[in-house]
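What follows is a set of notes on a single structure, which appears directly below.
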Amino acid sequence: MARGQGINQELSDVLNELWKLDVNRMKAGKDYKINLQGKAGFVAEGSNSARDSARAPLFSYVDEKKLKSVDTYAHFIDLLDNYEMSTGVTEHVTKEELQENHLFLDAILKTEVMKCAHRYLVRKGLAQSDPSKFKSQLYDIWFKLYRRDKNGGEDSCGFEHVFVGETKQGKEIMGLHNWVQFYHQEKNNHVDYKGYKARSNKDTPDEDDHVLNLQFSWNGLVKPVASCFIGVSPEFEVALFTIVFFLSNEHVTKVTVKVDEYLLEIVVYRFGRSIGTSYPKMISSNNRDF
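Per my numbering, the sequence shown starts with residue 7, numbered consecutively.
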């Protein structure tokens, strides 16, 4: 398969190690169920109308009790209501929110997934070996506020953009690459799933895929194509994107990796010393014929 050339083998090996260690990953069909429905159509750039190829929500079931019983998810969910949606609106971080950021980092740093990521980065000479110093590095990458919009104060951070999502001057959806947030927004009728995105009929996703390209509207705005992991733990995503962030100083880093059965492109944008955005792009899955 020609597209497979250029796979970063070292990074793939590390990410497969993380994948094996991700004991908090939810099981498709048991802990959650998705309903893929129809293939989403084309949406012109700047347009906010999309054909709805999915009458029902994407998530037909999520075991919320299990979600809330796992430390890393519980602390992650606490962070989802901490941000102003629109860029240009200055973020005010309360003491309580600051504490929630630290509790989340503490929780993920206890997991084998983050310990493995930390060991790898230390071995590469990219991260501090002292866990508390590594935590500070993570804080700066994910939670340090910066100014995304020219007007106003510090209005964004990596965590908000990637995991919570934000809008650009009320006209465009940015970020929102996380399945737990997607599920919560869908449950509250803020998100309307429009269908899956696929290049061809051979490319049709499966209900148990852990990576999905999809289309949705959020508070009236349309995201023509978004990609996110489904069912994976917050620590897995933080670990993976953090590693890719550390491995390169480029403004945009794109690496092709093979994780489990998925051929993915991992994309990370830098914003100074923080993450601007990061997401997986599904190239193919070897449980289907290409």
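Beta carbons are placed, not taken as given, at the ideal position from N, Cα and C, and that holds for glycine.
Assign residue 182 to one of three DSSP states: helix, strand, or coil.
-> coil
Please decide whether residue 52 counts as near chain C, where near means a Cβ-Cβ distance under 8 Å.
-> You won't find chain C in this structure, because it holds only one protein chain.
Where does the unbroken alpha helix (DSSP H) through residue 120 begin, and where does it stop?
-> 118-129
Mind checking whether residue 43 and residue 201 have CB atoms under 8 Å apart?
-> yes
Have a look at residue 138 and residue 129 and give me their C-alpha separation to the nearest angstrom.
-> 17 Å
Per-residue burial, residue 276 [other beta carbons within 10 Å of its own, 16 or more giving buried] | buried
The region 148-166 in contact with the region 51-68 per 3-pair CB rule at 8 Å = no
Residue 304, buried or exposed, once every other Cβ within 10 Å from all chains shown has been counted against 16 | Since the first residue of the chain shown is 7 and the last is 296, residue 304 is not available in this structure.
How big is the Cα-Cα spacing for residue 173 and residue 58?
-> 21 Å
Taking only the alpha-carbon atoms, compute the straight-line gap between residue 26 and residue 18 and give it to the nearest angstrom.
-> 12 Å
Under the DSSP definition of a beta bridge, which residues are partnered with residue 224?
-> 197 and 227
Do you know offhand how far residue 287's Cα is from residue 39's?
-> 21 Å
Residue 180 versus residue 116 - alpha carbon distance | 30 Å
Could you check what DSSP says for residue 138 in three-state terms: helix, strand or coil?
-> helix
At least 3 beta-carbon pairs within less than 8 Å: the region 203-220 vs the region 246-257 | no
Indicate the three-state DSSP secondary structure (helix, strand or coil) for residue 82 in the structure shown.
-> helix
Nearest-angstrom Cα separation, counted from residue 46 out to residue 177 = 21 Å
Can you give me the start and stop residues for the alpha helix (DSSP H) that residue 18 sits inside?
-> 15-27
Identify which residue in 245, 269 and 241 has its Cα closest to the Cα of residue 81.
-> 241
Keeping to the same chain, check which residues put their C-beta closer than 7 Å to that of residue 199; ignore five residues upstream and five downstream.
-> 60, 63, 64, 192, 220 and 222
Nearest candidate by alpha-carbon position, reference residue 166, set 182, 155 and 73 = 182
Residues near residue 132 in its chain [Cβ-Cβ closer than 8 Å; skip 5 each side] | 252 and 253
For residue 149, does the three-state DSSP call read helix, strand or coil?
-> coil
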